[in-house]
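Novice: This is the structure I want to talk about, given as structure tokens.
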Amino acid sequence: MFTTGSKLFLGATSLAVAALVVMGVTNAGDIGWTATVGLIGAVVALAFLTGINFFVRDGNVSSADPANVFDAAAAQRPPGRSIWPLIGAVGLGLIVVGAISTPVVFKAGVVVILAVMLEWLVHAWSEGASSDAAYNQSVRQRLMHPLEFPVLAAVGLTVMIYSFSRIMLFVSKAGSPVVFGVLAAVILLGGVLYAYSPGVKKSIAAGVCVIAGLGLVSTGAVMAIDGQRATEPHEIIANDSSICTSNEPTEADARASQELAAKSNSAAIITLHGGKLSAHQIAVPGELSTITLPRSGVSNIVFVNDDSAKVRLTAHMGTFDTATIVNGKPTTATSITCTTLVRQGGRQLLTLIYPKSSRALKSGDAYTLAVPGVESSVITVVVP
Amino acid sequence: MKRSKSNVPSLQLVQHSPRHRGWLFGAVGLAAAALSGCAKNAPQDTFDPAGSNAQKIQDLQVPVFVIAGVIGVIVLAAIGFVVIRYRDRGQEMPEQSHGKPSLEIALTILPALILAGVGTFTVKTIFELAKTDDTQCIINVTGQQWWWEYDYPAQDGCGGIKAPIVTSGQLVIPTGQNVLLRITSRDVIHSYWIPRLNGKRDAVPGRVQTLRLEADQPGIYAGQCTEFCGLSHANMKMEAVALYASDFETWKANQLEGYTAPVDGSAAKQGEAVFTANCSYCHQVNDLTTTNAAGEKVPVLANPDQYIVSGAAPNLSNLMTRNTFAGATWDLLTPACRDKVWKAVPEAFGALYLQGVTPECLNQVDLREWLRNAPAKKPMYSSDAQKANSGGKVRGMPNLGLKEDQIDLIIAYLLERN
Ligand SMILES: [Cu+2]
Numbered sequence: 013m014f015t016t017g018s019k020l021f022l023g024a025t026s027l028a029v030a031a032l033v034v035m036g037v038t039n040a041g042d043i044g045w046t047a048t049v050g051l052i053g054a055v056v057a058l059a060f061l062t063g064i065n066f067f068v069r070d071g072n073v074s075s076a077d078p079a080n081v082f083d084a085a086a087a088q089r090p091p092g093r094s095i096w097p098l099i100g101a102v103g104l105g106l107i108v109v110g111a112i113s114t115p116v117v118f119k120a121g122v123v124v125i126l127a128v129m130l131e132w133l134v135h136a137w138s139e140g141a142s143s144d145a146a147y148n149q150s151v152r153q154r155l156m157h158p159l160e161f162p163v164l165a166a167v168g169l170t171v172m173i174y175s176f177s178r179i180m181l182f183v184s185k186a187g188s189p190v191v192f193g194v195l196a197a198v199i200l201l202g203g204v205l206y207a208y209s210p211g212v213k214k215s216i217a218a219g220v221c222v223i224a225g226l227g228l229v230s231t232g233a234v235m236a237i238d239g240q241r242a243t244e245p246h247e248i249i250a251n252d253s254s255i256c257t258s259n260e261p262t263e264a265d266a267r268a269s270q271e272l273a274a275k276s277n278s279a280a281i282i283t284l285h286g287g288k289l290s291a292h293q294i295a296v297p298g299e300l301s302t303i304t305l306p307r308s309g310v311s312n313i314v315f316v317n318d319d320s321a322k323v324r325l326t327a328h329m330g331t332f333d334t335a336t337i338v339n340g341k342p343t344t345a346t347s348i349t350c351t352t353l354v355r356q357g358g359r360q361l362l363t364l365i366y367p368k369s370s371r372a373l374k375s376g377d378a379y380t381l382a383v384p385g386v387e388s389s390v391i392t393v394v395v396p
Numbered sequence: 012m013k014r015s016k017s018n019v020p021s022l023q024l025v026q027h028s029p030r031h032r033g034w035l036f037g038a039v040g041l042a043a044a045a046l047s048g049c050a051k052n053a054p055q056d057t058f059d060p061a062g063s064n065a066q067k068i069q070d071l072q073v074p075v076f077v078i079a080g081v082i083g084v085i086v087l088a089a090i091g092f093v094v095i096r097y098r099d100r101g102q103e104m105p106e107q108s109h110g111k112p113s114l115e116i117a118l119t120i121l122p123a124l125i126l127a128g129v130g131t132f133t134v135k136t137i138f139e140l141a142k143t144d145d146t147q148c149i150i151n152v153t154g155q156q157w158w159w160e161y162d163y164p165a166q167d168g169c170g171g172i173k174a175p176i177v178t179s180g181q182l183v184i185p186t187g188q189n190v191l192l193r194i195t196s197r198d199v200i201h202s203y204w205i206p207r208l209n210g211k212r213d214a215v216p217g218r219v220q221t222l223r224l225e226a227d228q229p230g231i232y233a234g235q236c237t238e239f240c241g242l243s244h245a246n247m248k249m250e251a252v253a254l255y256a257s258d259f260e261t262w263k264a265n266q267l268e269g270y271t272a273p274v275d276g277s278a279a280k281q282g283e284a285v286f287t288a289n290c291s292y293c294h295q296v297n298d299l300t301t302t303n304a305a306g307e308k309v310p311v312l313a314n315p316d317q318y319i320v321s322g323a324a325p326n327l328s329n330l331m332t333r334n335t336f337a338g339a340t341w342d343l344l345t346p347a348c349r350d351k352v353w354k355a356v357p358e359a360f361g362a363l364y365l366q367g368v369t370p371e372c373l374n375q376v377d378l379r380e381w382l383r384n385a386p387a388k389k390p391m392y393s394s395d396a397q398k399a400n401s402g403g404k405v406r407g408m409p410n411l412g413l414k415e416d417q418i419d420l421i422i423a424y425l426l427e428r429n
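Just so you know, the sequences run in chain order A and B.
At position 373 of the first sequence (counting the first as 1) the number is 385 in our numbering, and the numbers step up by one without a gap.
At position 64 of the second sequence (counting the first as 1) the number is 75 in our numbering, and the numbers step up by one without a gap.
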């Protein structure tokens, strides 16, 4: 009685209900509005699909009634050719390539796959809509054209504008008016010629347009790759006490993102609030002024600035003897590193490795985390 | 093995009917599998919880196991019944029907309900095990190829710790306290697991992850690294040692005791010099001093970061307070002395453990082998050729080419590190 399709959706509906119940129970009823809307939405949508599938019997006819098999609309013709598997494969390829290269390509792949899913769905459905192929075709078009045309136009325009913009950025400032002046003239000329020679076949005109379009896109792509201006080398602020001991902005500061990927499981979170620094370590109770970090291990420190001034967090990592001996005494070197400037509400990560234990520090020296200009409140780091 | 021998006579009995031999083999195989699951000496038994956290897991996994088992048996029995009862005997094709709504609804809802129930309790347990707000004692745990380091930061917890304590291999904790491990790694990913005290937690470089431990009774709870981490992963073990609070106080005080230099003229005194020359650039012995060229007394500081990929070697200040060494893989105690400690009743355990390794009880065999050629005993990546592949640094302890008399002196010296 239950069709295969409705069983699938019934199961999915039950799963969504179960998820809702489990979440509700484990969170004492408070699961937040996103989860509530999401899960209830899933339940309603899946239940709806269950109903549809059940009602239309998966679009199948009962195999128990052999007579139907030959009368049913769906039985008239085997499924026709379809371009969608091919485009779907392209989308999948984009996803794979994007996953290892640029997120944009990945996202494009996802969009293509979603579009293919919709198109394929409608295509497959329309083929079985009636026993009349022409009618089926018209149903599909009536449903999809209002969607396809604007989207295709938008995509085409985007590609064109993007390609033109890349070419413009590649060509020198003085050259671009010339290039585009000539190009515009050629297009105009082409248009005029076509208008005054009705004998030219449509297919030839279309071919010229396609070639021109491909030329545009490929030139744009080549120039996008070749014409990008060299990216700024990432600036690491280490061992530069002139930067780390003041809050003067540098170029690195201007470009610094205040977003952090690594927000959880850090070794410590250091907060500047009301002119006072405090540290928090996972699972260590209370606000700390001394933290323990492992020797030789990587410690990620998150710095959060709650105050209005733009400041940086500076790690003083000890003053040690070097191998250079001057006048019979080893020279010393101070190791210091810092975040870029952090605006109010911003965050920065400081990744530290202390190769030596605190017991290697010279007397009077200490590992510290401090904000230049906030000398009264300093976090001491103990490295066992 | 002995038990399965009882099957031998029955084997002879059924020899005439080869049709039944398949059944017999099946039965013997099943029995062997079942019996091997009843090992008595299983120190890493997840089904034998020894503290509140492991108990929570036990309370979850036993009912789930039972439910899953019952369902499994029912399903298999049903399949068996259908296969045998309705096998093709040339009978007529029965009437074909499509679906049975009531049954289908029931068979969808029933598993959904069971899974929802299991899910609810699982999530609840996960959340309980992730709690960090009732911590009474914090210990930082750092994994590296192929041993674990523990550092106890100065804190009010753990009954109060004034200065950091650093040790390795054996994690010493007070019984009945909610101990919280803050776990990370210095090189690759490892995973910390003491099965009788809690589940596993990965040790990931650059991340700090927490794991609750609580042991009800004094004793030694074994565990091992459960994330493949290279050559000697199998030799990367650890033990949690639980002591009554008063014994734990004694242990702490002993760990924080200053350096006791060997008596002048003793073998240990000579050993101190051999140690300073050959070992101290990797291994820290707290407050060990030496005299520099200018005749000043200066502290001897280990620089493992310059020699070892992970940048760390075990702190040997109190080596002889531990029972095992090199990733808790070998005993520092002779078998007889070991049994005494490991098999002690909970009440007697603390005092025996706190005795540490006395000269009579030292397992000379394994320690000597270690000092003679460590990578021959525990596969490590520390030969000169291998070192060249790791940026000039070793993984593990290299073969130091010590002579036997040097080893004698070092052992005399190490025996006083208690
Ligand atoms: Cu490991």
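We put the beta carbon where it would ideally sit given N, CA and C, even for glycine.
Pick helix, strand or coil for B/M150, following the three-state DSSP scheme.
Specialist: A small fix is needed here, since residue 150 of chain B is Ile in this sequence, not Met. DSSP places B/I150 in strand when its eight states are reduced to three.
Novice: Going by CA-CA distance only, name the one from B/A359, B/I319, B/P105 that's closest to B/Q155.
Specialist: Comparing Cα-Cα distances from B/Q155 to each of B/A359, B/I319, B/P105, the minimum goes to B/I319.
Novice: Skipping 5 residues on each side, what residues in its chain have a beta carbon closer than 6 Å to that of B/A355?
Specialist: Around B/A355: L363.
Novice: Please list, in chain order, the chain A residues whose beta carbon lies closer than 7 Å to that of B/S321.
Specialist: Under the 7 Å cutoff, chain A gives S308.
Novice: Who's in the neighbourhood of ligand 2, going by beta-carbon under 5 Å from any heavy atom, listed in chain order?
Specialist: The ligand content of the structure shown is limited to ligand 1, which means ligand 2 is not among them.
Novice: Strictly under 9 Å for the Cβ-Cβ distance: is A/A7 near chain B by that measure?
Specialist: There is simply no residue 7 of chain A to check, as chain A begins at 13 and stops at 396 in what is shown.
Novice: With DSSP as the reference, label B/I205 as helix, strand or coil.
Specialist: Reduced to three states, the DSSP call for B/I205 is coil.
Novice: Counting pairs of Cβ atoms below 8 Å between the stretch 366-378 of chain B and the stretch 210-222 of chain B, do you hit three or more?
Specialist: Contact fails: fewer than three Cβ-Cβ distances are below 8 Å.
Novice: Going by the DSSP bridge assignment, what does B/V6 pair with across the sheet?
Specialist: This structure gives no information on residue 6 of chain B, because the portion of chain B shown stretches from 12 to 429.
Novice: Show which residues of chain A have a CB atom less than 9 Å away from the CB atom of B/Q458.
Specialist: The shown model of chain B, from 12 to 429, leaves out residue 458 of chain B, and the question about it has no answer.
Novice: Please report the straight-line C-alpha distance between A/M129 and A/T302, rounded to a whole angstrom.
Specialist: A/M129 and A/T302: Cα-Cα distance of roughly 57 Å.
Novice: So, is the C-beta of A/A372 closer than 9 Å to a C-beta in chain B?
Specialist: Output row for A/A372: interface = yes.
Novice: Does the beta-carbon of B/Y203 have 16 or more other beta-carbons within 10 angstroms, so that it is buried, or is it exposed?
Specialist: The residue in question, B/Y203, is buried, as its Cβ has 16 or more Cβ neighbours within 10 Å.
Novice: Closest to B/D395 by CA distance: which of B/A387, B/K388, B/K404, B/P105 is it?
Specialist: The shortest C-alpha separation from B/D395 is found at B/K404.
Novice: Please determine if the stretch 184-194 of chain B and the stretch 248-260 of chain B are in contact, where contact requires at least 3 C-beta pairs separated by less than 8 Å.
Specialist: Taking 8 Å as the limit for Cβ pairs, the verdict is that the stretch 248-260 of chain B does touch the stretch 184-194 of chain B.
Novice: Using Cβ-Cβ distances below 8 Å, what residues of the stretch 178-205 of chain B are close to chain A?
Specialist: Listed in sequence order: L191, R193, T195, S196, R197.
Novice: Under DSSP, the beta strand (DSSP E) around B/G234 begins and ends at which residues?
Specialist: B/G234 -> beta strand (DSSP E) spans 230-235.
Novice: Return the chain-ordered list of same chain residues with a C-beta closer than 6 Å to the C-beta of A/L272, the five sequence neighbours on each side being excluded.
Specialist: Only R359, L361 meet the Cβ criterion.
Novice: Give me the Cβ distance between B/L242 and B/P390, rounded to the nearest whole Å; I'm assuming they're in contact under 8 Å.
Specialist: Contact flag correct, Cβ pair sits at about 5 Å.
Novice: Straight-line CA distance for B/A226 to B/E160?
Specialist: Answer to the nearest angstrom: the Cα atoms are 20 Å apart.
Novice: Among B/A279, B/A45, B/D198, which one has its Cα closest to the Cα of B/R406?
Specialist: Checking every option, the nearest Cα to that of B/R406 belongs to B/D198.
Novice: In whole angstroms, give me the CA-to-CA distance for B/P409 and B/T345.
Specialist: Those two C-alpha atoms are separated by around 25 Å.
Novice: Against B/L126, what residues of chain A qualify as contacts under a CB-to-CB distance less than 8 Å, listed in chain order?
Specialist: Correct list: A30.
Novice: For the stretch 306-335 of chain B, list every residue whose C-beta sits within 9 Å of some C-beta in chain A, in sequence order.
Specialist: Answer in chain order: P310, L312, A313, N314, P315, D316, Q317, I319, S321, G322, A323, N326.
Novice: Could you spell out where the beta strand (DSSP E) holding A/S112 opens and where it closes?
Specialist: One detail in the question is off: residue 112 of chain A reads as Ile in this sequence, not Ser. A/I112 -> not in any beta strand (DSSP E); alpha helix (DSSP H) instead, spanning 96-112.
Novice: In angstroms, rounded to a whole number, what distance separates the CA positions of B/V128 and A/T38?
Specialist: One point to set straight first is that residue 128 of chain B is Gly, not Val, in the sequence displayed. Straight-line Cα distance between these residues: approximately 11 Å.
Novice: For chain A, find out if any of its Cβ atoms is closer than 9 Å to the Cβ of B/N151; answer yes or no.
Specialist: Chain A, which has a Cβ nearer than 9 Å to the Cβ of B/N151, makes this yes.
Novice: Identify, in the order they occur along the chain, each residue of the same chain with its Cβ nearer than 6 Å to the Cβ of A/M235, setting aside the five sequence neighbours on each side.
Specialist: So the list reads R178, I179, F182, once near-sequence residues are dropped.
Novice: Identify every residue that forms a DSSP beta bridge with B/M249.
Specialist: Bridge partners of B/M249: B/G234.
Novice: Is B/L509 buried or exposed, if buried means 16 or more other CB atoms sit within 10 Å of its CB?
Specialist: The shown model of chain B, from 12 to 429, leaves out residue 509 of chain B, and the question about it has no answer.
Novice: Residues in the stretch 31-56 of chain A with C-beta within 7 Å of chain B's C-beta atoms, listed in sequence order?
Specialist: Cβ contacts with chain B come from V33, V34, V37, T38.
Novice: Which residue comes first and which comes last in the beta strand (DSSP E) that contains A/I43?
Specialist: Unbroken run through A/I43: none, as it is neither H nor E.
Novice: At what residue ranges does the stretch 272-334 of chain A contain a whole run of the beta strand (DSSP E), taking only runs of 3 or more?
Specialist: DSSP runs (the beta strand (DSSP E)) wholly in the stretch 272-334 of chain A: 280-285, 288-292, 302-304, 310-317.
Novice: Taking B/L191 and B/P229 to be in contact with their CB atoms under 8 Å, please state how far apart those CB atoms are, rounded to whole angstroms.
Specialist: Not a contact, Cβ separation roughly 20 Å.
Novice: Please list the residues of the stretch 180-197 of chain A that have a C-beta atom closer than 9 Å to any C-beta atom in chain B, keeping them in chain order.
Specialist: Taking 9 Å as the Cβ-Cβ cut-off against chain B, none of the residues of the stretch 180-197 of chain A qualify.
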